[in-house]
Every structure is written in structure tokens, then in C-alpha cells.
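Following this line, the structure appears as C-alpha cells:
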């Protein structure tokens, strides 16, 4: 048993932390304020290989692992949750989906472009009437010669509009329910595919979240990802991996809020003492740091299991549930410790609190994570 | 072109504290980093490699844990790494250090040697120039820009106290580089993954072309007599005035302090 990061993971952490501090932190408030996708930083991350961390070298990736990937999402989210989720959705939901389910041809075609960041990836499952009940898909894919014709709408899609390639779930046989869902790789340039309404969100405001519209969108059969009717399994497995990324994002937000709170409590004086000298401050922050560290172990254990090829679905659910709730608690307390200042945009904790909330919702709400965990408990 | 870059692992002095009793650096818990000017030097080497093709070798003298800065150099794009480590090197001052490094360079092929201007732990700026002396190389210190021309010639911009000098130098030569001239790149993820699978060559003193008496404590004429913490002064006052008014202010201040 070894709880230490490997030497390469530590070296990577040093690099990405440095990058986050120097390149991401200075523009985080502006990205939030202007709801601006941080294009330049995404390009810089791509150049460094951060958009293809766990993808094998043979497909143009860095040949790293998912532990390293969670370190990237954590460190970026520590200063800017928007940047964290861009990397997470791209890597877990698109690149990993193709790596884990794609044919050799699909991998050769898409992974080098995704791993190098030449192309950005996204994933579309959620629909207006298919949220937690993902099996209620209304987007259809009808066979027509060598193609499938897609019709329908996806909503709340992260990286939408910025992405060049999408992994899309659609119903190929309604009569079969879950077993009638199939996933496809859809390129943004495909005729009949368009981007709809852009959401104005509470948090992660720099990340692009839009509607996807399919109007007689013709996708070649060679772009079917996984087997016909196997899309629900592909989507659920992909989300298992995605949850590790979102858990890492939540962990980063929580740690970032803790860093800011510790700094503030050392500086802020009331009743002749710094806030850090009050036992109430110390005890509350000690409890929270314990939760943050517990989140970190859950996140890394889930990522490690994925790297080892072990089942990790429940681990990912636990990591996401715990890290997301910790992020919400930590950021709420961070604002409280900052008092009136914390409620203003002068300090980053206000943004962090808004950013934290989404981690309890997307890629499976906290309730869904509890369903996954309980499902394992009561499984015979 | 073969480029050799000398780097040093140093404590991150931005977080280092001084023991108020012993007047020595408290190194415990202080992260070790690649010296910033050396990192700038490595950046110059890597830019030359990208522009005109070069083999970049990184060399350091230090304890076994100095291996880490060489891994970092691999992760930035260096091709080869050599760690000079031996008890015989212990206690070296700048002269003994430059002798060891020059002794290693004598058994290597190179067209250009790059060092940082100075290390943030010692701030002497002596090792690079001393190496040039030992090796009989032309040297340019305080380099902020360097272009390679054909025929093994470099056009080098050197920072001086009141401006810049542009020089043309024929290789082999030695440059000492300023971090301000070369913003170092971030490590690349793919190279980080490979960095620990590459070989760092370990060279003991016996591998170098140098008289062993010139190494380590034996080869170090410098003796530290006393170390002390510099007293902190209050922040100065900045005036933005035309020259005539400035003269009046200076005179009155000097009179105030009974200097004139």
C-alpha cells in the first residue's frame, strides 16, 4: 500500500500548480464576470499536453494516468472551476469515451486530435425530459443506408459550441428502452447539427453550456460508438469516469476556498486579534480541512482503480458525492468567514461558492450518487 | 550543435527563513527548485534546439537528490543529463565548483556552454565566468537575447548597468543568462511521464579531467567568516520632480540628516 504520489505525478503537480497560479488565477474573475470561454489558456494547456493526459502515446496522448488527470483538474479548479470543467468534460466524457469504446479506426481518427487539443470534445446525454432518468431519451437515430439520421435536442452540454466533436446518445429502438439507446460520434461540422441556446449560469460561467440541435443530421454508421443498443452502458460507464473528474473539480474548489480563508483569517483582525486566533475559526477550519483531505483520498483512490482496470463505479460516486458536498460546505463557510467582504466580488470566495453548487448537480446529482452507492449495498 | 547547460538545485529563497540565532538558512521544509537564471539558460538552449537543431545536455553538481532538477530539465526538453555527485565535491566554493564543472566539460563535446548568471542561494555570479577561464572560452555574461547565425557565430545581447551591448561571438563560447531575458517554458506532460524512465548519468570525481586537489573543501579558498541577516530598512520615498526641484529636495534631506 502506498499513499504517496509517484515522482512523475509530483513533478506534474508542480508544473500544473505553477501554470494555474501564473496563467489561470489572474484571469479567473474576468472569465466569470464576462462569461468568457478561456480560449487562450485552453490552447496553452493543449500545447503542454494537458488535454490528453491519460491517453496513450500511440494515440497522441501524454501516456499519463487518471491520477495525474485528477491532479490537473484539482489544481486548475483550485483557482478557476471553469477551466477545471473544460479539461474534465473534454478528457473524461469525450476522449475517454472514445478510448474505452471506440474501434481502432475511431481511435486513430479522433484521439490524436483530441489529445493534442486541436479538437475539443463534449458529450451529449441530457435532454429536456431526460435528466436523471437518462433512459427517457427522445433524440432518435434512424438507420438509412450507410448512415443514421439523428433528430432531437440535447441541453446543458458542457463545451458545446467550442467543441469539434461530440459523443451523442440517441434512441435507435424505442421499444427496447435502455437497450435501444446507441451512442455516436458527431463532428461539429456535420450537416443538420447546430448549437442552440447558451445558458447563463450561476457558476462556472466561463464554461460554454448550450443546447445541441439535430435536424436530419446524417452520421455515418462507422461513427457508431460501441455496439448498437449499447449506448446506455457506454454513457453510464463514461459518466463513472466523468464523476472522478467532477469530484476532482469539487476538491479543487474546496481547497481553493480553504486557501483563501486561511489567508484572510490571518490578516483580518477583530477585537484586537486575528480571526485565525479564535478557537471557533481553528476548529471549524480543522473539520473542513479533514473533509477536504478525505475527498482527496476518495478522488485519488477512484482514479487509481480506473488506472488499474478495477471496478470503480461506486468509488467514483462516493468521491463525487463527498467532494461536492464538501465543496459546497467549505465555500459557504468561506464566505461566512469573509463576512461582508465575502459577499462581494472583491474576494474570490463568492465566485467559488457559486461554482461549487454545480458539482452537486451535473454528471449525476448527489441523489444519483446515493442511488449508485445504495445500489451496490443492497445488491445481492 | 551540442549545447551544455549547467544548472543548480537551490532552496526556494522566496520561502526560506533565517535562523535568528545561528544566522543560517533554515532549509527544512523549504522546496528545492531549479535556479531561475539557470532555467532561463535552459530555455535559451531549448529555443536554439528548436530553431537550428541541437543536442541539449544538462549538468549539475550536487547531492543525489539534485537528480530532481535534471528530471525537470528532461520534462522541459533536455536530451541528456549528467549528475556530478561524489563526497569529494562536498564543501565546494565557487572556484572548486567551477573546477569540477570544467573538468566534466573537458570530457564532453560542445559548441556552446550556458550557465545562469547567478544562483539565488549564493548570489555570487562567479561560477560561469570561472568556468570560461578554466576552459579558455570567450564569455558573455548577463545575456538576455541570443541568435545563432551560420558558421558557428552567435549575436548576443548583453545587459549592462546602463543599457545593452550587442556582441558577435564565435563558438565554442560560454554565456551566462538572465531569467528576465528568457521566460522558461512549462514542463510538457508527455515529457514528464518519460522523465523518470530516462537515464541520468552519475559521474564521480574520477570521471572528470581535473586535479582532485582542486575539488571540494580542499580546492576552496573561500572561508565564510560570519553570516548575518541584513537589517531591513524602511521603504524609501519616491519623488517625481524636474531636476532643479530634485536638487533642492536632495540638499534639504542631506542637511536634515546632518550629512552636509
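Residue numbers (the numbering used here), protein chains in the order written: chain A, 77 to 456; chain B, 3 to 262. Here a beta-carbon is modelled for each residue, glycine too, at the ideal position from N, C-alpha and C.
The count of Cβ pairs closer than 8 Å, one atom from the segment 190–208 of chain A and one from the segment 224–244 of chain A, reaches three, so the stretches are in contact. When Cβ-Cβ separations below 9 Å define contact, residue 190 of chain B makes contact with chain A.
Taking the CA atoms as reference points, residue 165 of chain A sits about 10 Å from residue 439 of chain A. With its beta carbon at least 9 Å from every one in chain A, residue 75 of chain B lies outside the interface.
Residue-level contact check: residue 129 of chain A touches chain B, since one or more beta carbons of chain B fall below 9 Å from its beta carbon. For residue 179 of chain B, no chain A residue has a C-beta closer than 8 Å to its own C-beta; the minimum C-beta separation is roughly 20 Å. Within the segment 108–162 of chain B, the complete beta strand (DSSP E) segments at least 3 residues long are 114–118, 141–151 and 155–162, listed from N- to C-terminus.
Nearest in C-alpha terms to residue 213 of chain B, of all of B/105, B/74, B/178 and B/93, is B/105.
Our two residues, residue 38 of chain B and residue 163 of chain B, have alpha carbons roughly 20 Å apart in a direct line. Residue 130 of chain A is classed as buried because its beta carbon has at least 16 other beta carbons within 10 Å across all chains shown. Pairing residue 444 of chain A with residue 289 of chain A, the inter-Cα distance amounts to about 26 Å. Just measuring C-alpha positions, the residue of B/230, B/240 and B/241 sitting nearest residue 21 of chain B is B/230. In the three-state DSSP reduction, residue 38 of chain B falls in the helix class (H, G or I).
Put simply, the CB of residue 91 of chain B is far from chain A, with every gap to its CB atoms at 9 Å or more. In this chain, residue 355 of chain A is not harboured by any beta strand (DSSP E); it is covered by the alpha helix (DSSP H) spanning 355–384. Per the coordinates, the alpha-carbon of residue 411 of chain A lies some 8 Å from the alpha-carbon of residue 417 of chain A. DSSP, read as helix, strand or coil, puts residue 213 of chain B in coil. Under a 10 Å Cβ-count criterion, residue 299 of chain A is classified as buried, with 16 or more other Cβ atoms of the shown protein chains found around its own Cβ. Here residue 199 of chain B carries a coil assignment [DSSP, helix/strand/coil]. Taking every protein chain shown into account, the CB of residue 359 of chain A has fewer than 16 other CB atoms within 10 angstroms, so this residue is exposed. Between the segment 309–323 of chain A and the segment 342–361 of chain A, the count of C-beta pairs closer than 8 Å stays below three; the two stretches do not touch. Taking a Cβ-Cβ cut-off of 8 Å, residue 379 of chain A has no neighbours in chain B, whose nearest Cβ is about 15 Å from it. 9 Å or more divides the Cβ of residue 183 of chain B from the Cβ of residue 91 of chain B. Annotated as proximal: residue 139 of chain B and residue 174 of chain B, with beta-carbon spacing under 9 Å.
Excluding the 5 residues flanking it on each side, residue 28 of chain B has same chain C-beta neighbours closer than 8 Å at 18, 19, 20 and 21, in chain order. Taking 9 Å as the threshold, the shortest C-beta distance from residue 258 of chain B to chain A does not fall below it. For residue 158 of chain A and residue 95 of chain B, the gap between their C-alpha atoms comes out near 49 Å. For residue 130 of chain A, no pairing in a beta bridge is given by DSSP.
For the segment 283–294 of chain A, no residue has a beta-carbon sitting nearer than 8 Å to a beta-carbon of chain B. Counting other Cβ atoms within 10 Å of its Cβ, residue 102 of chain A stays below 16 and is therefore classed as exposed. Per the DSSP secondary-structure output, residue 324 of chain A pairs with nothing in a beta bridge. Counting C-beta atoms within 10 angstroms of its own C-beta, residue 88 of chain B has 16 or more neighbours from the protein chains shown and is therefore classed as buried. Against chain A, the beta carbon of residue 195 of chain B has neighbours under 7 Å at 84, 138, 139 and 140, listed in chain order. Straight through space, the alpha carbons of residue 76 of chain B and residue 166 of chain B are spaced by roughly 32 Å. Here the C-alpha atom of residue 187 of chain A lies approximately 10 Å from the C-alpha atom of residue 193 of chain A. The contact set of residue 433 of chain A on chain B, defined by CB atoms closer than 9 Å, is empty, because the minimum CB distance reaches about 30 Å.
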